[in-house]
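Data block below; observations after.
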Amino acid sequence: MSIRLTEAPFDPGALLTEFTKGRTETGAVATFTGIARAEAGATAILELEAYPGFTEAEIGRIADQARERFGLHDLAILHRVGRIAPGEPIVFVAAAAGHRRAAFEACDFLMDYLKSRAPFWKKEHGPDGERWIEPTAQDHADRERWG
Amino acid sequence: MSIRLTEAPFDPGALLTEFTKGRTETGAVATFTGIARAEAGATAILELEAYPGFTEAEIGRIADQARERFGLHDLAILHRVGRIAPGEPIVFVAAAAGHRRAAFEACDFLMDYLKSRAPFWKKEHGPDGERWIEPTAQDHADRERWG
Amino acid sequence: MARVLLFGPLRDLAGWRERRIAAASVAELRSVLAAEDADLGAALGGKGVQVAVDQAVVRGDVALSASSEVAFLPPMSGG
Amino acid sequence: MARVLLFGPLRDLAGWRERRIAAASVAELRSVLAAEDADLGAALGGKGVQVAVDQAVVRGDVALSASSEVAFLPPMSGG
């Protein structure tokens, strides 16, 4: 299991290559990549702040829940912090399981947590200045699906 | 939109790198990679047969449905044919959408179709000889979730 | 001479994958194949076996030309 | 001297991210900060602001040592 933060841009494909290598009993790997949207020019730069150590540990607790709940063989999470330009990946989640339903649901579950509850603070720098973002009502509703 | 069959082993990561490149308005990319399982030694080799031309066209019809139904920005499907060894990827599906729920559901939908209805014929070569495989009851039930 | 293709278990049963066979219709083609190999003839009419002419699935009888491609598709396994 | 960390909007409000401040408890630390900057003091007690001591979330008052790390965590944005 790998949970990491990075200040540098990353290639989700390189992570998937690494994650799938040598798996002879896994059957199913699902991934999710979140990409910073330009919102047709409205968002110039996204700034993500984490609390190093604390943030990885909190994500790790949810990752342990996901492993248990979905019977995962493995999972990997990489999250950007710092200043992120439109088109750059923000987050990559991969889940390996015996069957595809578990792998899909684990990614979905982890993303719902990451989008609404993970210890990040997010600021948008746009043409009208900067503003701190909070999770949307939809983000909260998504997370509540999992009980 | 890309729908291809290949007789050669492939790296799902390389496909994801290509698929995510230059997407400034997409937001969400979900993928699924299906990997041949060794089944603890019971399956030595999987052999997948397609009807070239017909198979891609049939998958394309479902891919068009998925684009419409989930409002996808793009999708890619690569499917192995021929002899596949344990640990080798069989299928890669990627869906790009504005938001993560649509991307996840599109991959899930496409995989349910590919596992139960796509024009492939599948044979397992194991220690006790070879046998043709049909979709499981679970595969059919999975597909029926989508109406 | 239509180009005839067999897939999956039908190919194993027949012992061939592709042949050229003279037939003016799918029905005539079925008769020719059944006369040669009764087991194959029965299998081609089996449950869930579809026929595609020029890569489009057809039902019932269809006329064939010399350049037709006829494929017998047993129940699909999925990928 | 506890190490005090502010995150997200709290950092922008205070104009600093990290300082060393002498305080024997979280309650005393809150008083020190409120005495310096009433707006910050109010924000630290705002809805949804959590406190972590040595990277574990705590509720109510907690004693601090010279090596404690105290973080004020405003409502999280998610990633």
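Protein chains in written order, with the working numbering: chain V, 1 to 147; chain S, 1001 to 1147; chain W, 2001 to 2079; chain X, 3001 to 3079. C-beta: ideal position from N, C-alpha, C; glycine also. Please read these numbers as outputs of a predicted model, since none were measured by experiment.
Report the residue from the options whose alpha carbon sits nearest the alpha carbon of residue i.
i, options, result
"S/Asp-1108", "V/Glu-88, V/Ala-30, V/Ala-66", "V/Ala-30"
"S/Ile-1062", "S/Lys-1115, S/Pro-1086, S/Leu-1016, S/Thr-1017", "S/Lys-1115"
"W/Leu-2013", "S/Ile-1035, S/Ala-1097, S/Trp-1132", "S/Trp-1132"
"S/Thr-975", "S/Gly-1060, S/Ile-1045, S/Ala-1076, S/Ala-1044", "There is simply no residue 975 of chain S to check, as chain S begins at 1001 and stops at 1147 in what is shown."
"V/Glu-25", "S/Glu-1088, S/Thr-1024, S/Asp-1074, S/Gly-1013", "S/Glu-1088"
"S/Thr-1033", "S/Asp-1128, S/Glu-1144, S/Val-1093, S/Gly-1147", "S/Val-1093"
"X/Ala-3022", "X/Met-3076, X/Ser-3067, X/Trp-3016", "X/Ser-3067"
"S/Glu-1056", "W/Ala-2038, W/Leu-2029, W/Gly-2079, W/Ala-2024", "W/Gly-2079"
"W/Met-2076", "S/Ala-1050, S/Gly-1098, S/Glu-1130, S/Leu-1005", "S/Ala-1050"
"V/His-125", "V/Leu-48, V/Trp-146, V/Gly-13, V/Phe-19", "V/Leu-48"
"V/Gly-98", "V/Phe-120, V/Ile-90, V/Lys-122, V/Phe-70", "V/Phe-70"
"W/Phe-2007", "S/Pro-1135, S/Pro-1119, S/Asp-1142", "S/Pro-1119"
"S/Glu-1130", "S/Leu-1046, S/Asp-1142, S/Arg-1145", "S/Leu-1046"
"W/Gly-2046", "W/Val-2053, W/Glu-2036, W/Pro-2009", "W/Pro-2009"
"X/Val-3057", "X/Met-3001, X/Val-3026, X/Arg-3011, X/Gly-3015", "X/Val-3026"
"V/Ile-194", "V/Thr-136, V/Leu-72, V/Lys-122, V/Glu-68", "No information on residue 194 of chain V is available, as it lies outside the stretch 1 to 147 that chain V covers here."
"V/Pro-52", "V/Ile-35, V/Asp-11, V/Asp-64, V/His-79", "V/His-79"
"X/Met-3001", "X/Leu-3029, X/Arg-3011, X/Gly-3015", "X/Leu-3029"
"S/Glu-1035", "S/Ile-1090, S/Phe-1054, S/Glu-1058", "The sequence given here has Ile at residue 1035 of chain S, not Glu. Considering only alpha carbons, the answer is S/Ile-1090."
Within a Cβ cutoff of 6 Å, which residues of the same chain sit near residue i, ignoring the five residues on either side of it in sequence?
i, result
"V/Ala-66", "Ala-106, Phe-109, Leu-110"
"W/Gln-2055", "none"
"V/Gly-82", "Glu-7"
"V/Glu-9", "Sequence check: residue 9 of chain V is Pro here, not Glu. Cβ neighbours of V/Pro-9 beyond the five flanking positions: Glu-88."
"V/Asp-142", "Asp-112"
"S/Phe-1019", "Ala-1076, Ala-1094"
"V/Lys-146", "Reading the sequence as shown, one finds Trp at residue 146 of chain V and not Lys. Counting only Cβ-Cβ distances below 6 Å, and skipping sequence neighbours, we find Phe-109."
What would DSSP say about residue i, mapped onto helix, strand or coil?
i, result
"V/Gly-60", "helix"
"S/Phe-1092", "strand"
"V/His-125", "strand"
"X/Gln-3055", "coil"
"W/Val-2026", "helix"
"S/Arg-1069", "helix"
"V/Leu-75", "strand"
"W/Leu-2013", "helix"
"X/Val-3099", "Since the displayed chain X opens at 3001 and closes at 3079, residue 3099 of chain X lies outside it and no answer follows."
"W/Phe-2007", "coil"
"X/Gly-3046", "coil"
"V/Phe-10", "coil"
"S/Arg-1080", "strand"
"V/Ala-50", "strand"
"V/Arg-143", "helix"
"S/Glu-1105", "helix"
"X/Ala-3038", "helix"
"V/Glu-18", "helix"
"V/Arg-100", "helix"
"S/Thr-1033", "strand"
"W/Ser-2077", "coil"
"V/Ala-137", "helix"
"V/Leu-114", "helix"
For a contact defined as C-beta to C-beta under 7 Å, what are the partners of residue i on chain W?
i, result
"S/Phe-1120", "Met-2076, Ser-2077, Gly-2078, Gly-2079"
"S/Pro-1135", "Ser-2077, Gly-2078"
"S/Ser-1116", "Gly-2078"
"S/Asp-1139", "Gly-2078"
In chain order, what residues of the same chain lie with their CB nearer than 8 Å to the CB of residue i, ignoring the 5 residues before and after it?
i, result
"S/Arg-1100", "Gly-1027, Ala-1028, Ala-1030"
"X/Leu-3005", "Arg-3017, Glu-3018, Glu-3069, Val-3070, Ala-3071, Phe-3072"
"X/Asp-3039", "Leu-3013"
"W/Ala-2024", "Ala-2063, Leu-2064"
"V/Ala-102", "Ala-28, Phe-70, Gly-71, Leu-72, Ala-95"
By the criterion of Cβ-Cβ separation under 7 Å, what are the contact partners of residue i in chain V?
i, result
"S/Asp-1108", "Phe-104"
"S/Met-1111", "Arg-100"
Mind listing the chain S neighbours of residue i? Cutoff is C-beta to C-beta under 9 Å, in chain order.
i, result
"V/Pro-161", "Given a span of 1 to 147 for chain V in the structure shown, any question on residue 161 of chain V remains unanswerable."
Can you pull the chain X neighbours of residue i, defined as C-beta to C-beta under 8 Å?
i, result
"V/Leu-75", "Within chain X, no residue comes near V/Leu-75; the closest Cβ sits about 15 Å away, beyond 8 Å."
"V/His-79", "Gly-3079"
Run down chain S in chain order and give the residues with a C-beta less than 7 Å from the C-beta of residue i.
i, result
"W/Gly-2008", "Glu-1049, Trp-1121, Trp-1132"
"V/Thr-86", "Going by the sequence as given, residue 86 of chain V is Pro instead of Thr. Here the neighbours are Thr-1024."
Which chain S residues are close to residue i, counting only those with a beta carbon under 8 Å from its beta carbon?
i, result
"V/Leu-16", "Pro-1012, Gly-1013, Leu-1016, Thr-1031, Thr-1033"
Quick one: what's got a C-beta closer than 7 Å to residue i's C-beta in the same chain, skipping five residues either side?
i, result
"S/Asp-1074", "Met-1001, Ala-1096"
"S/Phe-1104", "Ala-1030"
"S/Gly-1060", "Ile-1003"
"V/His-140", "Ser-116"
Since residue i meets chain X, which of its residues come closer than 7 Å, beta carbon to beta carbon?
i, result
"V/Ala-57", "Gln-3055"
Quick one: does the C-beta of residue i sit closer than 6 Å to a heavy atom of the ligand SAM?
i, result
"S/Ala-1036", "With respect to small molecules bound, the structure shown includes none, and the ligand SAM cannot be examined in it."
Residue i versus chain W: which residues are under 9 Å apart at the beta carbon?
i, result
"S/Asp-1128", "Residues of chain W passing the Cβ test: none, with the nearest at roughly 16 Å."
When the cut-off is 7 Å and only beta carbons count, does residue i lie next to chain B?
i, result
"S/Thr-1017", "No chain B is present in this structure, whose protein chains are V, S, W and X."
- Taking a Cβ distance cut-off of 7 Å, strictly less, list which residues of the segment 24-53 of chain V are near chain S, in chain order. Thr-24, Glu-25, Thr-26, Gly-27, Ala-28, Val-29, Ala-30, Thr-31, Phe-32, Thr-33, Gly-34, Ile-35, Arg-37, Ala-38
- Query: Relative to chain V, which residues along the segment 3046-3075 of chain X have a C-beta separation below 8 Å, given in chain order?
  - Reply: Ala-3052, Gln-3055, Ala-3071, Leu-3073, Pro-3074, Pro-3075
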